[in-house]
Structures are given as C-alpha cells and as structure tokens.
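For reference, the structure is listed below as structure tokens.
Chains as they are written, first to last, in my numbering: chain A, 1064 to 1170; chain B, 2 to 205.
Written out as structure tokens, the structure reads:
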C-alpha cells in the first residue's frame, strides 16, 4: 500500500516554545517579554533565543523601548508570521486527518 | 509526527490563545477609577445644589469632568503600558467606554443647555448609558456576571425616575458601587499573574 505523503513542518514554527509564542501573538496585538516569559515558563536567555530566531525569520518584530529607566520589550506578529502559523495549523490538520483515517483502517 | 505529538501541539496552541483571550485585567483600574470619580462628581454637584450654590454647579461639573478625563486617560495609559499583553478585546473595551463617555458629555453639558432634555433627566440617562456599557463589557470580557450586574443600571434609572432629588443621589451612589466598582474588582481578580507586575529582566 502506498504511504501518504505528509507535509514537512516548518522547524521555526514547529518548536514548542516558538509555537507557544506565536499562539500568544496571533491572539493579541502585542505581548511583553515578561508576559511571554511567564506564559512559557522560560528563562530570560531561552526566551531571548527563541524571539531572536522568530525575528530573524521575519515572523515577529521586537520593539525595545524605555519606560523611565526600565527597559520594555514588546513583540508583535508580522503578516508573514500569521501566514506561517496558519499554514502550520493546516499541516497539523492534515496530520490529524491522516491519523484518524489510519485508526479507522486498523479497525 | 505521532498522534501524541499532535495532541500536545494543539494543547499548547489552545492554552496560549485561551490565556491571552482572558487577559482583560488592564481594564480593571479604569472601572474602579470611573466608579470613584462618578461618586465624587455626583456628591460634589448634589452638595452644591443642596447648599443653593447653583451658579457654581456648572463650573464645578466642567472642572471635575476635565480632571476626570485627564486622570482617566493617565490611568488607562499606565495600565496598558504595564500590562504584559495588549489584546483586541481590550482595545474594543476602551473604544466602547470612550464612545459612552462622549455620549455622557453630550447628555450632561450640551442637551440640557439646548433644552433638549430637562436637567433632572441627566442622572437617569447616564444610568442607562452606564447599563449599556457594562452589559457590553460583560460580553466582551466573557464574564456573564458583569452583564447580569449591569441590570442594576436600568433598575436604578427607573428608581431615579420614580423618586425626587435627595433619594436620587443615594440610588446613583449605590448603583455606582454595585454597577461599576464591583465589576472592576471582579476584573482585577480575574487577572492572571503576569509579568505586568514584575521588573523587566530582559537581558537582550
């Protein structure tokens, strides 16, 4: 029997931490560094690395400002990021459908 | 990719979107402030009327409105800046209350001067606007109890229409406490402990 061709997953989006960041940003206008850090339960360095990778891929933009003397970092998803996230969902759907039909065939 | 991995990915997406959607905490200080400011406004104007200082009523109303507008803007701005996340529902909520405030300004300062409504109807109409605003706030924040508590406003409007001046003040203050300050406390209580209250430690 011919094995179905499953789509490749984008490694930038597929990583759990980066997927979580994009999930937050797609449902918000912007999110701060500390909010993301707590939501992901990540360390500063770890989160910075993931944000830098997403920014380098053009999926998010990072705005750094100062509120008084405090640094403030806010992240916003780009159109490219939105498309990449939705494409990832489409691919997940294909995997789910494939898993379902494989389960039915077993029965 | 196995089904377990898919399940985990979908769970991550659902949890994160859900968490962000529930972030309405940034609007809580606004409601508490609006409640307190409204009580001060009603008390000040009523006190002047009771003392017979009618010529001071309008300047005091205008002065308090300006102070409230500036202070309210500062509070909202600070809450938004301190909030860890800016949501679309938060923006809709602020826009709703800006629109309600604009209508309230017309009702308080323009329509009575033009003779379109009697001065005694200001509180009644204001209560109805507050009712609409709070009902929609409950819908936007997905907190049905806020929508239910908003019924206190039309009830207060009817009660104020049925009684005379000194009682109206008491009804208005009670409605503000129940219909404004209480939902503000609820919204604040819903706040998910976020980075909003933490020192920024971003090393990047």
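For glycine and all other residues, C-beta sits at the position ideal for the given N, C-alpha and C.
Asked                                                                                                                                                         : Found
Determine whether the Cβ of residue 195 of chain B lies closer than 7 Å to any Cβ atom of chain A.                                                            : With a pLDDT of 41 at residue 195 of chain B, under the threshold of 50, the predicted position of this residue should be treated as unreliable, though the coordinate-derived value follows. Yes, contact with chain A.
When the Cβ atoms of the region 1072-1086 of chain A are set against those of the region 1110-1124 of chain A, are three or more pairs found closer than 8 Å? : yes
To the nearest angstrom, how far is it from the Cα of residue 194 of chain B to the Cα of residue 1102 of chain A?                                            : A caution first: residue 194 of chain B carries a pLDDT of 43, below 50, which makes its placement in the model unreliable, though a value can still be read off. C-alpha separation (whole angstroms): 10 Å.
Could you check what DSSP says for residue 84 of chain B in three-state terms: helix, strand or coil?                                                         : coil
Measure the CB-CB distance between residue 155 of chain B and residue 132 of chain B and report whether it falls below 7 Å.                                   : yes
Would you mind working out which of B:9, B:53, B:171, B:75 sits nearest residue 125 of chain B, comparing C-alpha positions?                                  : B:171
Below 7 Å on C-beta distance, what does residue 10 of chain B contact in chain A?                                                                             : 1082, 1155
Could you compute how far the alpha carbon of residue 3 of chain B sits from the alpha carbon of residue 1081 of chain A?                                     : 20 Å
Express the C-alpha separation of residue 1137 of chain A and residue 7 of chain B in angstroms, rounding to a whole number.                                  : 29 Å
Use the C-beta contact count for residue 127 of chain B: other C-beta atoms within 10 angstroms, 16 or more gives buried, fewer gives exposed.                : buried
In chain B, which residues lie with their C-beta within 9 Å of the C-beta of residue 1092 of chain A?                                                         : 86, 87, 88, 89, 91, 92
Could you give the residue range of the beta strand (DSSP E) that holds residue 1136 of chain A?                                                              : 1133-1140
With 16 other CB atoms within 10 Å as the buried threshold, where does residue 87 of chain B fall?                                                            : buried
Suppose you measure from the CA of residue 1128 of chain A to the CA of residue 1135 of chain A; what does that come to, to the nearest Å?                    : 5 Å
Buried or exposed: where does residue 1106 of chain A fall if 16 or more other Cβ atoms within 10 Å of its Cβ makes it buried?                                : exposed
In the DSSP assignment, find the beta strand (DSSP E) that holds residue 136 of chain B and state where it starts and stops.                                  : First-last for residue 136 of chain B: 123-141, but that is the alpha helix (DSSP H), not the beta strand (DSSP E).
Tell me whether residue 1140 of chain A is buried or exposed, calling it buried when 16 or more other Cβ atoms sit within 10 Å of its Cβ.                     : buried
At which residues does the beta strand (DSSP E) containing residue 1093 of chain A begin and terminate?                                                       : 1093-1095
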